[in-house]
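Peer 1: Okay, here's the structure, questions in a sec.
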Amino acid sequence: MDMNFAIGLSQGIAWPWPIAVYLFLAGISGGAVAAAVILNLYRKQAHENTPVLKAASVIGAATILLGMVCLVLDLTNPFNFWRILIYYNPTSVMSLGVMALLVYIPTVCILTLVALRGLLPKVGLGFLDGWRVVLQWIALVFALTICAYTGFLISALIRFPLINQAVLPALFVASGLSAGMAATKAFACLAFGDRHESCDQHLLHAAEWPVMAAEALCIFMIAVALVNGNAAAQAAFAAFTTGAWAIEFWVGVVCVGFCGPLVLGLIGGGLMSFYLSALCSVAGMMCLRLFILYAGQLHGL
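Remember, the numbering used here sits 1210 above the position in the sequence shown when you count from 1.
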């Protein structure tokens, strides 16, 4: 099916801001669910409805559903979105992504109902108690798939050297995990009574640093690939050095997204630093998605 993203909620470049919001929300969803499930499996507490699992499942379900709204509204004919659920092209990244979403969305919604069963006593999901490990493994596999898929989706745009990078799916997985963990940590404390110094919170915090390092390495690899690429790639490297999007990258991605959590983690400061660090991680991830999508297109035309 031919889907034109050039018109819809915004005009101009081929993939406008609703797609950036969708990439952001899908990344948060997949990253939050994957991080919580990995933590549960690692601590052998797959049968427990921990505050982290509750927070991650709610975030995962809400953000992926909101992301789908953005994606559908930006279609040329949004009321015909149902066609992509019927007509498939196995050679299309979009079709493969739709297949993954058709598994991931109901899985994360079921996971949410299971995690919140104590708060929703009328939901008859007791029969799933024996399948919780299987359910969480399925959620984990497809959560990571959704994170990577968003990278594959736009990396197929061969006209844009900054976007057409093989490492982009890995970058989107790492940034999704980083922001997803940060959002889950904060929401678990705000909504489900977790303590910011609990064991689960400590493990997630410890995992954030290697994930952020992997994210920074992926960005570095993209920059090196552009510098050492052909003339078009070298011209696209200007996205990192000149113009408004370079400022957005260095301020939003580097200073806020990377340096913010690092500095706040070093100086401590209790709950205020805890929540502000989470906000910096999420904001930095949104800035990264905007930079990749907009700067990539503007420096490839």
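We put the beta carbon where it would ideally sit given N, CA and C, even for glycine.
Skipping 5 residues on each side, what residues in its chain have a beta carbon closer than 8 Å to that of ALA1449?
Peer 2: Position 239 of the sequence shown holds residue 1449. Result list for ALA1449: LEU1372, TRP1455, ALA1456, PHE1459, PHE1501, ALA1505, GLY1506, LEU1508, HIS1509, in chain order.
Peer 1: How should MET1482 be labelled, buried or exposed, when 16 other C-beta atoms within 10 angstroms of its C-beta is the threshold for buried?
Peer 2: Walking along the sequence shown from the start, residue 1482 turns up at place 272. So MET1482 ends up on the exposed side.
Peer 1: Does DSSP classify HIS1412 as helix, strand or coil?
Peer 2: By 1-based counting over the sequence shown, the position of residue 1412 is 202. In the structure shown, HIS1412 sits in a helix (DSSP, three-state: H, G or I).
Peer 1: In its own chain, which residues sit with a C-beta less than 8 Å from the C-beta of ALA1366, not counting the 5 before and 5 after it?
Peer 2: Here the question's residue 1366 lines up with position 156 in the sequence shown. So the qualifying residues of the chain are VAL1303, ASN1374.
Peer 1: At which residues does the alpha helix (DSSP H) containing CYS1469 begin and terminate?
Peer 2: For this step, residue 1469 is matched to residue 259 along the sequence shown. First-last for CYS1469: undefined, no H or E at that position.
Peer 1: Is TRP1225 helix, strand or coil by DSSP?
Peer 2: The residue labelled residue 1225 in the question sits at position 15 within the sequence shown. Coil.
Peer 1: Let me check understanding here. Comparing Cα to Cα, which of ASP1404, LEU1338, TYR1252, VAL1313 lies closest to VAL1324?
Peer 2: Stepping through the sequence shown from its first residue, residue 1324 is reached at position 114. Comparing Cα positions, the closest option is LEU1338.
Peer 1: Would you kindly check if the distance between the Cβ of ALA1493 and the Cβ of THR1360 is under 7 Å?
Peer 2: Residue 1360 sits at position 150 when you count from the first residue of the sequence shown. Residue 1493 sits at position 283 when you count from the first residue of the sequence shown. Contact flag unset, no.
Peer 1: Relative to the alpha-carbon of ALA1240, which residue among GLY1467, GLY1386, ARG1405 has its alpha-carbon at the smallest distance?
Peer 2: Looking up residue 1240 in the sequence shown gives position 30. Sequence inspection shows Gly at residue 1240; the Ala mentioned does not correspond to that position. Here the closest residue by C-alpha is GLY1386.
Peer 1: At which residues does the alpha helix (DSSP H) containing ARG1342 begin and terminate?
Peer 2: Numbered from 1 along the sequence shown, position 132 holds the residue referred to as residue 1342. Per DSSP, ARG1342 belongs to the alpha helix (DSSP H) from 1342 to 1365.
Peer 1: Which of the three DSSP states, helix, strand or coil, is assigned to MET1211?
Peer 2: Counting from one through the sequence shown, the residue named residue 1211 turns up at place 1. Residue confidence is low: MET1211 scores 36 on pLDDT, short of 50, so the model does not pin down where it sits. Its coordinate-derived value is still stated next. In this structure, MET1211 counts as coil in the three-state DSSP scheme.
Peer 1: Ends of the alpha helix (DSSP H) at ALA1401?
Peer 2: Counting from 1 along the sequence shown, the entry for residue 1401 is found at position 191. Run containing ALA1401: 1378 to 1402, per the alpha helix (DSSP H) assignment.
Peer 1: Rounded to the nearest angstrom, how far is the Cβ of ILE1248 from that of GLY1390, given a contact under 8 Å?
Peer 2: By one-based count along the sequence shown, residue 1248 stands at place 38. By one-based count along the sequence shown, residue 1390 stands at place 180. 11 Å between Cβ atoms; not a contact.
Peer 1: Put ALA1256 into one of helix, strand or coil per three-state DSSP.
Peer 2: As a working note, residue 1256 is residue 46 in the sequence shown. Residue state, collapsed to three classes: coil.
Peer 1: Residues in the same chain with beta-carbon distance under 7 Å from CYS1428, minus the five sequence neighbours each way, listed in chain order, please.
Peer 2: Within the sequence shown, numbered from 1, the residue matching residue 1428 stands at position 218. Answer for CYS1428: VAL1377, ALA1380, LEU1381, ALA1384, listed in chain order.
Peer 1: Mapping the DSSP letters down to three states, classify ASN1250 as helix, strand or coil.
Peer 2: If you number the sequence shown from 1, residue 1250 lands on position 40. It is helical.
Peer 1: What are the boundary residues of the alpha helix (DSSP H) that GLY1494 is part of?
Peer 2: As a position in the sequence shown, residue 1494 is number 284, starting the count at 1. Looking at the DSSP string, the run of the alpha helix (DSSP H) that includes GLY1494 is 1481 to 1500.
Peer 1: Grouping DSSP H, G and I as helix and E and B as strand, with all else coil, what is ALA1216?
Peer 2: Indexing the sequence shown from 1 puts residue 1216 at position 6. Reliability fails at ALA1216, whose pLDDT of 37 lies under 50, so the model's placement of it is uncertain and the value that follows must be treated cautiously. Note: ALA1216 maps to coil in three-state DSSP.
Peer 1: Run through DSSP, which three-state label would ILE1315 get?
Peer 2: Here residue 1315 refers to the residue found at position 105 of the sequence shown. Helix, per DSSP.
Peer 1: Note down, in chain order, each residue of its chain lying with its Cβ closer than 7 Å to the Cβ of ALA1488, except the 5 sequence neighbours on either side.
Peer 2: Locating residue 1488 in the sequence shown gives position 278, counting from the first residue. Answer for ALA1488: ALA1392, ALA1393, LYS1395, ALA1396, listed in chain order.
Peer 1: Mind checking GLU1407: buried by the 16 CB within 10 Å criterion, or exposed?
Peer 2: Residue 1407 sits at position 197 when you count from the first residue of the sequence shown. Exposed.
Peer 1: VAL1521 lies in the alpha helix (DSSP H); which residues open and close that run?
Peer 2: Residue 1521 is absent from the model: the chain starts at 1211 and stops at 1511.
Peer 1: Nearest to ALA1426 by CA position, among LYS1254, ILE1320, SER1491, is which residue?
Peer 2: Residue numbering aside, residue 1426 sits at position 216 when the sequence shown is read from its first letter. Out of LYS1254, ILE1320, SER1491, SER1491 has the C-alpha closest to the C-alpha of ALA1426.
Peer 1: So, helix, strand or coil for PRO1371, using DSSP?
Peer 2: Here residue 1371 refers to the residue found at position 161 when the sequence shown is read from its first residue. DSSP places PRO1371 in coil when its eight states are reduced to three.
Peer 1: Reducing DSSP to helix, strand and coil, say where VAL1308 ends up.
Peer 2: Translated into positions along the sequence shown, residue 1308 becomes position 98. If DSSP states are grouped into helix, strand and coil, VAL1308 belongs with the helices.
Peer 1: Once you ignore the five residues that flank PHE1352 on each side, which residues in its own chain have a CB closer than 7 Å to its CB?
Peer 2: Walking along the sequence shown from the start, residue 1352 turns up at place 142. These residues qualify, in order along the chain: ALA1310, VAL1313, TYR1314, THR1317.
Peer 1: What whole-angstrom Cβ distance do ALA1265 and ALA1245 have, given they're in contact under 8 Å?
Peer 2: Position 55 of the sequence shown, counted from the start, is the residue given in the question as residue 1265. Position 35 of the sequence shown, counted from the start, is the residue given in the question as residue 1245. Between ALA1245 and ALA1265 the Cβ distance is about 10 Å, and since that is not below 8 Å, they are no contact.
Peer 1: Using only CA atoms, which one of LEU1436, TRP1419, ALA1445 lies nearest to PHE1468?
Peer 2: As a working note, residue 1468 is residue 258 in the sequence shown. For PHE1468, the nearest C-alpha among the options comes from TRP1419.
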